[in-house]
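Asks:
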Amino acid sequence: MHLSLMELLLIFVGGVLILGIQFYLSTRKNRFMGLLFPIVSFGYSIYMFLKSDFFSDMTFSMKAYMFIAQNIPALVLLVIYFICRWNMKKRREKGAV
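Numbering-wise (full-length UniProt numbering), the sequence shown opens with residue 1 and increments by one.
1. Could you pull the start and end residues of the alpha helix (DSSP H) that K51 belongs to?
2. By Cβ distance below 7 Å, which residues in the same chain neighbour S41 in space, the five residues on each side in sequence not counted?
3. Is the distance from the Cβ of Y81 to the Cβ of S26 below 7 Å?
4. Looking at the structure shown, is S4 part of a helix, part of a strand, or coil, going by DSSP?
5. Let me confirm a value: F54 is counted as buried when at least 16 other C-beta atoms fall within 10 Å, else exposed. Which label applies?
6. Report, in whole angstroms, the separation of the C-beta atoms of R91 and R31, which I expect to be a contact under 8 Å.
7. Can you round the beta-carbon distance between M48 and Q70 to whole angstroms, since I take them to be within the 8 Å contact cut?
8. Where does G15 land, buried or exposed, given buried means 16+ other C-beta within 10 angstroms?
9. How big is the Cα-Cα spacing for F67 and V79?
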């Protein structure tokens, strides 16, 4: 199945939009808002892993690979979150000194 140029553009714009929202939420005072997307992404990967048990033709290694591959976006979002929180902490400490 090949993706058209319009579909690729929508995927790219959607990814940039999600990353932008993640940066915005990660820099808010409420620290739990920045964890919203990583938790949703991780929950979705758990859901898909549990749903894969219904497919008997998948080996455990295929399921494990699928689980790891689906958690890459959650890891990227968590890295963004921790970098933003670390920068906020440094700015706060610099302003307090």
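Backbone N, C-alpha and C fix where the C-beta goes; we use that ideal spot for every residue, glycine too.
Replies: The short version:
1. 36-51
2. P73, A74, L77
3. yes
4. coil
5. exposed
6. So it is not a contact: roughly 15 Å between Cβ atoms.
7. 6 Å
8. exposed
9. 18 Å
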